[in-house]
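J.: Heads up: the sequence lines are chains A and B, in that order. Residue numbering for the first sequence follows this note's numbering, starting at 67 and increasing by one per position. Residue numbering for the second sequence follows this note's numbering, starting at 18 and increasing by one per position.
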Amino acid sequence: MKHSWSTWLLLTPFALWFAVLLLVPLCVILVSSFAGTATGGGALPAFTLAQYASLPVRLIVFRTTITLAVLATALSLIIAYPLAYFIAMQARTRWRAPLLTLLVLPFGTSILIRTYAWTYLFGNHGIPALLNGPGWGIVRLINTPFAVLVGMLCGYLPLMVLPICLCLRRVDKQVLEAAADLGAPAWRRFQQVTLPLSFPGIATGCMLIFVRLLGEYLIPAMLGGDKVASIGNVLVATILQSGNRALGAAVFAALALILLTTGALYLWLMRRRFAASDDAVPP
Amino acid sequence: MRIYATLIYLFLYCPIAVIAVFSFNAGNDVTRITGFSWRWYGKTLSDPAVLAALHLSFTVAITVALIATFAGTMAALGLQGMNGRLRSAVETLVKSAVILPGVVIGITSLTALSTLFGWINPALSHLFRPGQAPELALGTLSLIAAHALFCMALVTLIVRASLASLGPSLTEASFDLNAAPFATFRQITLPLIFPATIAGFLLSFTFSFDDFAIANFVTGKQTTLPIYLYAAIRSGLTPEVNAIATMVLLTTFVLVATALILMQRSLKRLGR
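1) Check distances from the C-beta atoms of the region 149-163 of chain B to those of chain A and list, in chain order, the residues that come in under 8 Å.
2) Using DSSP with H/G/I as helix, E/B as strand and the rest coil, what is Phe53 of chain B?
3) Any idea if Trp184 of chain A is buried or exposed, counting beta-carbon neighbours within 10 angstroms, 16 or more meaning buried?
4) Taking beta-carbon pairs under 9 Å, can you tell me which members of the region 262-273 of chain A lie near chain B?
5) Per DSSP, which residues does Asn209 of chain A bridge with? Please list them.
6) Below 6 Å CB to CB, which residues in the same chain sit around Thr105 of chain A once its five sequence neighbours on both sides are set aside?
7) Taking Leu141 of chain B as the reference, give the member of B:Ala150, B:Thr23 and B:Phe75 with the closest Cα.
8) Would you give the residue range spanned by the alpha helix (DSSP H) that Leu174 of chain B belongs to?
9) Leaving aside the five residues before and after Glu152 of chain B along the sequence, list all residues of the same chain whose C-beta is less than 6 Å from its C-beta, in chain order.
10) Do you know how far the Cα of Gly174 of chain A is from the Cα of Thr269 of chain B?
11) Just the chain A side, please: which residues come within less than 7 Å of Leu29 of chain B by C-beta, in chain order?
12) Give me the Cα-Cα distance between Ala248 of chain B and Gly148 of chain B, rounded to the nearest whole angstrom.
13) Please report the residue range of the alpha helix (DSSP H) in which Phe128 of chain A lies.
14) Note down, in chain order, all residues in the region 273-284 of chain A with a beta-carbon under 9 Å from any beta-carbon belonging to chain B.
15) With the cut-off set at 9 Å, would you say Ala170 of chain B and Phe80 of chain A are in Cβ contact?
16) Report yes or no: do the region 172-183 of chain B and the region 246-266 of chain B share at least 3 C-beta pairs separated by less than 8 Å?
17) Output the distance between the C-alpha atoms of Ile205 of chain B and Ala216 of chain B, rounded to the nearest integer angstrom.
18) Start and end of the alpha helix (DSSP H) containing Met91 of chain B?
19) Does the beta carbon of Val205 of chain A come closer than 9 Å to any beta carbon on chain B?
20) Short of 7 Å in beta carbon distance, which residues of its chain neighbour Arg360 of chain A, apart from the five on each side in sequence? Order them along the chain.
21) Select from A:Leu331, A:Arg160, A:Gly290 and A:Arg337 the residue whose C-alpha is nearest the C-alpha of Val127 of chain A.
22) Counting contacts by CB-CB distance shorter than 9 Å, is Trp83 of chain A in contact with chain B?
23) Can you list, in chain order, the residues of its chain whose CB lies under 7 Å from that of Ile122 of chain B, leaving out five sequence neighbours each side?
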């Protein structure tokens with residue numbers, strides 16, 4: 067029974083939803099990003115690159131967003147790896163599940179509320195006031211790129227820890243023992259066995275966080291104010307507030323392009339990785 | 018190492034703790050703790066605007082969770098029947114719907130729905146007498162539709178993982194014993210994937226209840242609880258916001274924890 071009608075029937079609702087709300091409009095937006103802007107703010111049926119020509123003015127927005135996303139991804143990798151290593155390799159077996167649950171729990175709660183809490187901590191009565199107490203001067207934290215970075219780390223760290231942790235769990239302990247028997251010191255065992263084996267987890271974590279952060283607009287809006295620009299907030303402003311659909315479409319198309327490239331790069335990396343390991347291990 | 022892990026957990030939980038502590042603050046001043054009181058909870062729960070937003074969010078979240086659980090479980094079962102390259106292609110699409118940032122689903126849904134309404138509304142106005150035609154607009158239904166897309170994909174992934182760890186041997190045995198496909202599903206597959214399905218339901222509810230990123234685009238003139246909270250935060254810090262936030266956090270904690278425990282149980286039981 068190869069792909070019977072029931073298989074297709076079962077997939078119909080999801081396929082329909084996916085096509086109508088995501089796939090088709092994505093294509094429509096890509097096409098309409100070439101349209102002209104009508105005087106009322108609507109789209110004119112035309113083919114122009116006018117919207118794209120205005121993108122370089124917004125280059126700074128793209129640059130800020132991408133820089134922050136890259137920085138936050140790199141930092142979360144550095145912070146998350148030791149934690150993932152601890153949970154997967156060092157923590158007692160009966161502690162592992164509770165530790166993972168505790169890790170995912172805050173991630174499952176509202177990002178709006180968690181970000182709001184940071185406006186409290188970074189606000190002028192929060193950490194700056196504490197620092198000012200012993201007379202260290204007034205530090206500005208809210209509405210800075212630093213505040214946005216901390217908000218991003220706190221918001222999305224579990225997305226990095228989880229895949230690395232799952233990947234490390236699958237590392238064969240016997241391979242590590244073999245390396246130890248062959249006289250490899252702890253650091254070399256990590257560098258030459260554990261780290262390369264955890265590469266798929268690292269790639270997954272980086273991809274997950276990077277993609278999410280590129281489209282994030284709540285954290286920059288709340289913790290960066292109008293000081294830290296983001297693609298997401300430009301989209302909110304152009305599409306929801308000024309109603310300039312054509313310009314919004316061009317910005318959105320550019321974002322979609324970056325997201326698709328990231329996704330394709332990730333898939334290519336993973337496929338190459340699996341192809342390589344298939345060659346190495348005879349069936 | 019243990020200290021390092023503790024520090025990170027503290028970092029992840031400190032925002033939540035701060036909100037909870039300040040929600041019990043007695044004074045009007047949101048920056049200084051002056052005493053313990055429940056008064057902001059009482060004040061919040063008697064505010065009709067909050068109650069209306071809560072009611073809308075709850076209605077949307079329950080509907081979304083129901084739709085997503087059914088459609089997602091169906092899709093996971095459908096994937097089971099596929100093989101090879103086609104299956105991995107469909108799985109990639111499902112994953113992409115979960116991974117994409119909210120702004121993407123928000124904007125594509127907004128575009129799709131406003132285009133659809135642009136087609137349907139003139140047609141409706143021809144069918145009814147002038148002035149009596151119902152007009153479709155962004156609101157409850159568009160919120161449900163957009164949230165359901167993400168949640169369906171989420172449920173599909175969760176149930177799919179449970180099905181994958183189940184393996185084909187049990188259903189094959191059932192077929193060998195001449196059980197009809199539906200009987201096999203009802204008596205073998207469904208009981209085994211049921212915890213995962215419930216976990217998917219709970220997580221869908223939580224997602225929809227908490228979501229701001231997608232809702233902001235498709236909500237139209239309606240105010241869900243996160244949108245109410247965002248507006249309240251924007252117009253200045255108030256003690257009521259802390260009380261609402263703490264109640265929302267507590268509810269989602271219970272729901273998410275239940276879902277996670279169910280997922281771990283189901284994978285552990287099946288994954289021997």
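Heads up, the beta-carbon is just placed ideally off N, CA and C, and yes, glycines get one too.
T.: According to the structure data:
1) Ala162 and Ala163
2) strand
3) With 16 or more other CB atoms across the displayed protein chains lying within 10 angstroms of its CB, Trp184 of chain A is buried.
4) Met273
5) According to DSSP, which records beta bridges pairwise, Asn209 of chain A is partnered with nothing at all.
6) Because the pLDDT of Thr105 of chain A is 45, which lies under 50, any placement of that residue in the model is unreliable, and the question is left without a value.
7) For the residues B:Ala150, B:Thr23 and B:Phe75, the minimum Cα distance to Leu141 of chain B belongs to B:Ala150.
8) Thr157 to Leu183
9) Asn138
10) 7 Å
11) Pro172, Cys220 and Leu223
12) 34 Å
13) Leu125 to Tyr151
14) Met273, Leu274, Val277, Arg278, Leu279, Leu280, Gly281, Glu282, Tyr283 and Leu284
15) yes
16) no
17) 19 Å
18) Pro65 to Gln97
19) no
20) Because chain A spans 67 through 349 in this model, residue 360 of chain A falls outside it and cannot be assessed.
21) A:Gly290
22) yes
23) Ala163, Leu166, Phe167 and Ile231
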